[in-house]
Structures are given as C-alpha cells and as structure tokens.
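Notes follow the structure.
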Amino acid sequence: MLTQKLILGYSTKMIVQFISVIAGIIVARIAGPTILGIVAFGMSFVSMFLFFADLGTGSAHIKLVSEGRELGDCIKTYTVIKSLLTVLFALIVISFLVVKIYILKIQFESSIYLSVIIIWLCTNIIGQFLYIPISTFIALTQQARQDIPNLIQTIATQALRIISVFLKPSAIYLSLANLAGTIIISPFYLRLFRTYPKGKFDKNLANDYLKIAKPMIVLHLYGFLTLYLDKVLLQYFSDSTQVGYYTAGFGIAGFMQAISLTTGPLFFPLFSSAVAQKDYQYVNQTIDKFEHFAFLFITPAIIYLMLNSKIIIKILLGNNYLASWVVLFWTLAGTFFIIINQHYGNLLVGANFFTECAYINLLGILSFVLLNIFFVSPKFLNLKAEGTAVAFAVNSLFIGILFRVFVSKLVKPVFPWRGGKYIIFILLNFFFFFGLSRYFAIETNLIRTLIFFFAYFGITYPIFYLTRLMSRQDLKRALRIFDISALLKYIRSEL
C-alpha cells in the first residue's frame, strides 16, 4: 500500500506540475515577466506571514493523530486552535500594511501591488481553514484524499488563469483566478471530511498541541521563509522583472520538486508511528528503498534537466526568459539536495527531537538570509535572479548535511551516511556529461540535444547495471509505477 501511496502522490503532483507549467508558460508568454513578478511578490508577501496561521500546530496535529490519540477530540481541538491562529494571521498582515502605508508613508510601486496582496490574503485565509481536513488526511496517510482535490483545484485554477490572461493580462485578474480556484474546491474538501468524528475541545489535548508546536515554530518559520522570502528579498534588491525570471525558472523545476512534496508529508507520520513502536528496522528499510530508487531513477533525470536547462527555457518560455535558465539549473540542484536529505529531517521530528530541529532551522534561516544578501545584494555579488537560485541550492545542501549530522548523533539505530557509492557515481556522471555538453555546445542545436538525450541515458544505465548498482529487480520495482489497476483499487478504497 505504501508503494501505491507514493505512486499516487508523485503521479498526481506530476500531473499538477505539468498542468501548472503548461498554464505558466502560456501566462508568462502573454503577461510578461513584470506582471508575473508582481503576482509572485504579492503571493510571497502575504505567505511570509502564514507562519502565524500555523505556529507548528499542523505538525502537532499530524503527530498526535498518527500516534493514535482520540481522532474526534483532536479534530475539534485543532479546529479551535487553527481558527484563532488564522484570525491572528489576517490581523497581522492588515496591521503591517496599515503601518507601512499610512504611518511610515512607504508606498508600493503602484496601487496594483496592494490589490494583489489583499486578494492573496483572502485566498490564504480560506486555504488555512481547508488545511484542517488536509492535515487530518496527512496524519492518517490518506493520500487519495489529499491528492484528488488538489488535482481538481489545480485544473480549475489554471484554466481560470489562462482565461483571465487572454481576457486581459493583469496581475489582479491572475490573483483572482487563484482565489476562485480555492473557493471552488472548498465544498469538495468539506464533503470528504463530513464523516470524520467531531469530538470535544480538550484543554489537556490543547496543551499537548502547544507543547509539541512550541519547538516546531522555528521549523515552520524556516519553511515559510525559504518558500517566500527569496522573492521578497529579490524584489527589494532588484525589481519585479527579476522576480519574474526567478519565478519562471523555479516553476519549471516543479516537476522534480513534486517528489519532495510527496515524500515529506508521507514519511513524517510513518516515521512518527514507527519510532513510537521502536521499529527502527522499518525506518532503515524505508530509507534504503527510497534512497536506492532516488539515486537510480530520479537523480539521472535531474542531472539531464540541469545540463539542458538553457534549451528547456528557450523552448518553453522563449528568448524573453533566457535569464531564467541559470535559475532552473541551480533550482534543480537544490531540489536534488532536498530529495536525498528531507527524510532525515522528518525522522528527527518523528523521533521527538523538536528542540534540535529548531536549532537546525534557526541556522537555516540565518544561512538563507545571509546567502541571499551575499549573492543578490548590489553591495556584494549582485547576481540578481541567479543569485537567489544559488542561495537556494547552497542552503538546501547546508540543511541536508545538518539533518544527517543530527540523526547520526541522536537516532543511533539509523545510519544516515549511506549511499556513498551512488554519490561518487553521480558526481562523476555529472562532471563527465557537463564537460561533454559544453564541448559539443548542445544548447545551440536541437538535433544535438536529442542525440545527447540518447547518449546520456544510453551510457548511464548500462554503467549502473555493469557496476551492479542496479539489478533486474530494480527495473521490476520501477515498472510497478505503471500498475494502474493496483493504483485505482487503492483510490477506490479510500474515496
């Protein structure tokens, strides 16, 4: 069943990313980088404060439910806490805007920015209430109930974005499309959630939520800041056009980012439950299987995309976005670091090392801000959108190493320094084909790009097989991805 959950999670997120990328290409080509940058800035500005709408309580809910606490009481208690925090979030955003505009007299570049921010505030308020059923589905590892509504919402939202940009290229219309998509999906989530037990608010349980959430605050702050602060800092150090370049390149890399978005929410409750039962053998086996699969089938795809990032941007977005190719390159590198390290962070949280995770994420926040200032600020390297992408990659590597170091010290039955032979092979593979691609200048010719595709995978996988890094059994496991009947059976059983 775990296989079907991972396959469903990744396949639906791949479809979501595919739809988003196609819609994003259409929107980007018609609207241009400036409008795209305004929308990204407005979304990021509001989302930076989403930290206050959660304060770690979402992870606390997932942990408590996954450990077997009374489901009805958990849902009721979390609903009360989440509602209060969402109101707090809205008040903080509004207060910040009032102080900025009316007291400090600091205006945005135009009135459009304020309108976009207000629209995104409304979108996020509704989204936070929807996170009550979503986090419950995550805690119960009900993948279909997470993914199917998300897919429907994506289709509706992206269709509305395309329609709006054809009617009138406008940052306000594009933002309204996201708000409409969130409103459309709300009844579907409520319908799926209607049969869950509705217990009573429990003060003792609420204290447990706050006790777990307290050290998780920093972890969530890191998550929100790394998702949104980069665009805000880039806007501050440069302009909306650079934010547009960065957003476009980052969005194309979404295909690979979908993997980390799938494994994180799934591994956290699984590891939490396993550690509670002291079943470290299960933890080790799960990590072994995932890392083995990631190095064999995910990493080569990432490397190939990195080496072809310039021609990918040319084909998908055109010459107007050529500056985005280096963003795509470094974003893919950062995504690779997240994929091969994220599960160790989930293990630390699942093993109740909240304070240690808080220290790691504090270091991550400090590193992220300093790296962005160093690479992006005109006072230092002034790399603009490229600098933001480099900062993302370097910080992802830094955090991944910290996760492994802390696991080696705190979770002794789990060995984090595995996969050394794969890492050596991947590094040799990358540098060899990087040199080959630059020598033959594959980005200048589509035919060379096609030849390079067959050369890359035609050399990489036979070497995997000859060096016994891959076996026939691995191919059989990979083919299970295409077992549609088993996948549909799982979806029907859950929905």
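Read the sequence shown against our numbering and you will find it ends at 579, with the numbers running on by one and no gaps. Where is the CB? At the ideal position from N, CA and C, for every residue including glycine. It should be emphasised that the depicted structure is a prediction, and the values quoted were computed from it without experimental measurement.
Under 7 Å Cβ to Cβ from residue i, same chain only, skipping five residues before and after it: list those, please.
i, result
"G142", "Y215, S219"
"V200", "I122, V123, G126, A255, I256, S259"
"T163", "I216"
"L391", "F517, F518, S521"
"S131", "N208, F308, L311, Y312"
"I449", "L305, Y306, L309"
"F334", "V411, T415"
"L244", "A261, A264, G265"
"T325", "P117, T118, G121"
"F524", "R532"
"A107", "Q242, R245, I246"
"E375", "I424, R502, G503"
How many whole angstroms separate the CB atoms of residue i and residue j, which I take to be in contact at a CB cut-off of 8 Å?
i, j, result
"V498", "V491", "6 Å"
"N513", "I387", "6 Å"
"I301", "L148", "Not really, about 17 Å apart at Cβ, beyond 8 Å."
"Y330", "A473", "7 Å"
"I159", "Y280", "6 Å"
"G429", "F377", "Actually they are not in contact, since the Cβ atoms of G429 and F377 sit about 19 Å apart, beyond 8 Å."
"F192", "F133", "In fact, because the Cβ distance is near 16 Å, the residues do not count as touching under 8 Å."
"L494", "L447", "With 8 Å as the limit, L494 and L447 do not qualify as a contact, their Cβ atoms being about 16 Å apart."
"N379", "G503", "First, the residue type needs correcting, since residue 379 is Phe and not Asn in the sequence shown. The Cβ separation is near 6 Å, so the contact holds."
When you compare only the Cα positions, how much space is there between residue i and residue j?
i, j, result
"H145", "I526", "50 Å"
"F272", "K496", "44 Å"
"A358", "E151", "9 Å"
"K394", "Q365", "43 Å"
"T266", "D231", "14 Å"
"P462", "V105", "31 Å"
"F437", "G156", "27 Å"
"S451", "V111", "33 Å"
"Q361", "I399", "51 Å"
"Y293", "N208", "22 Å"
"I422", "Y506", "16 Å"
"N529", "C206", "46 Å"
"I444", "L305", "12 Å"
"S322", "W414", "19 Å"
"L559", "I543", "16 Å"
"L401", "I109", "6 Å"
"E154", "I222", "16 Å"
"R532", "L317", "38 Å"
"W204", "L412", "26 Å"
"F538", "Y545", "11 Å"
"I396", "F541", "18 Å"
"K581", "L276", "With the chain covering only 85 through 579, there is no way to say anything about residue 581."
"K295", "F381", "40 Å"
"K468", "I190", "23 Å"
"P117", "W409", "14 Å"
"V367", "F355", "6 Å"
"L188", "L274", "42 Å"
"P299", "I508", "36 Å"
"A332", "I424", "24 Å"
"L454", "P384", "31 Å"
"G418", "Y549", "27 Å"
"L198", "V327", "17 Å"
"R229", "N466", "44 Å"
"S179", "V460", "29 Å"
Here's the rule: buried if 16 or more other CB atoms are within 10 angstroms of the residue's CB, otherwise exposed. What is residue i?
i, result
"K315", "buried"
"N288", "exposed"
"L313", "buried"
"D372", "exposed"
"Y405", "buried"
"L534", "exposed"
"Y320", "exposed"
"N456", "buried"
"I227", "Contrary to the premise, residue 227 reads as Gln rather than Ile in this sequence. It counts as buried."
"N291", "exposed"
"V478", "buried"
"K282", "exposed"
"F464", "exposed"
"S555", "exposed"
"V183", "exposed"
"Q369", "exposed"
"I336", "buried"
Between residue i and the ligand ADP, is there a pair consisting of the residue's CB and a ligand heavy atom that are separated by less than 7 Å?
i, result
"V453", "In the structure shown, the ligand ADP is absent, as is every other ligand, since no ligand is present at all."
Give me, in chain order, the residues of the same chain whose beta-carbon lies closer than 6 Å to that of residue i; leave out the 5 immediate sequence neighbours on both sides.
i, result
"A115", "V249, P253"
"Q237", "G265, I269"
"T551", "none"
"I483", "G448"
Sorted by chain position, which residues of the same chain lie with C-beta nearer than 8 Å to residue i's C-beta, five sequence neighbours on each side aside?
i, result
"E440", "L432, F490, L494"
- prompt: Any contact of the region 163-179 with the region 203-215, i.e. 3+ C-beta pairs under 8 Å?
  reply: These segments touch.
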